[in-house]
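Asker: Everything in the sequence shown is counted per my numbering, starting at 459 for the first residue and increasing by one.
We treat Cβ as the ideally placed atom computed from N, Cα and C, and that holds for glycine.
Quick caveat, the model's predicted, so the values are computed rather than measured.
One structure is given below, represented as C-alpha cells, and several questions about it will come after.
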Amino acid sequence: MNKNKKPYHKQDLNFVFGKKNYTFMFIGLAVIALGFILMSGGGSTDPNVFNPDIYNFRRIRLAPALVLIGFGIEVYAILLNPNKK
C-alpha cells in the first residue's frame with residue numbers, strides 16, 4: 459500500500475442558499491408568473507375589430523409592476539444571508 463495516500467474525508471454538502479433564500483425565491487417566481495399571466499390575453503377573435511381591453515389598467519400598470527416587484531424579491535432572496543439569525 460502507498461503510505462502517501464491521504465485518508466478519506468467526507469465531502470461537505472453545504473448548499474449556497476438556505477431554506478429562507480429558497481422560500482423567497484419561490485415567492486418571487488410566483489409573483490413574476492402572476493404578472494405575466496395578468497399581462498396575457500386581450501386579443502380579438504376577429505383581426506379587423508380593435509379590442510380596447512389591451513390598454514386597460516391591469517395590462518399596462520399592474521402586471522409590469524408585479525413583474526418588477528418579483529425581480530426585486532429575487533434579488534433580495536439572492537442577497538439574503540442564510541446564516542444570520
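Out of Thr503, Val507, Met483 and Gly499, state which residue places its alpha-carbon closest to the alpha-carbon of Asn514.
Answerer: Comparing Cα-Cα distances from Asn514 to each of Thr503, Val507, Met483 and Gly499, the minimum goes to Gly499.
Asker: Would you check if the distance between the CB atom of Ala521 and the CB atom of Met483 is smaller than 8 angstroms?
Answerer: Not in contact: Ala521 and Met483 (Cβ atoms no closer than 8 angstroms).
Asker: Exposed or buried, Ala535, counting other C-beta atoms within 10 Å across all chains shown (16 or more means buried)?
Answerer: Buried, because 16 or more other Cβ atoms sit within 10 Å of the Cβ of Ala535.
Asker: Do you know offhand how far Phe529's Cα is from Asn541's?
Answerer: Taking the straight line from one Cα to the other gives about 23 angstroms.
Asker: Please check the pair Gly486 and Glu532, which I expect to be a contact at CB under 8 angstroms, by giving their CB distance rounded to whole angstroms.
Answerer: Right, their Cβ atoms sit about 4 angstroms apart.
Asker: Report yes if the CB atom of Gly493 is closer than 8 angstroms to the CB atom of Val525, and no otherwise.
Answerer: A contact, by the Cβ cut-off of 8 angstroms.
Asker: Is Lys478 closer than 8 angstroms to Leu537 when the C-beta atoms are compared?
Answerer: Not closer than 8 angstroms, so no.
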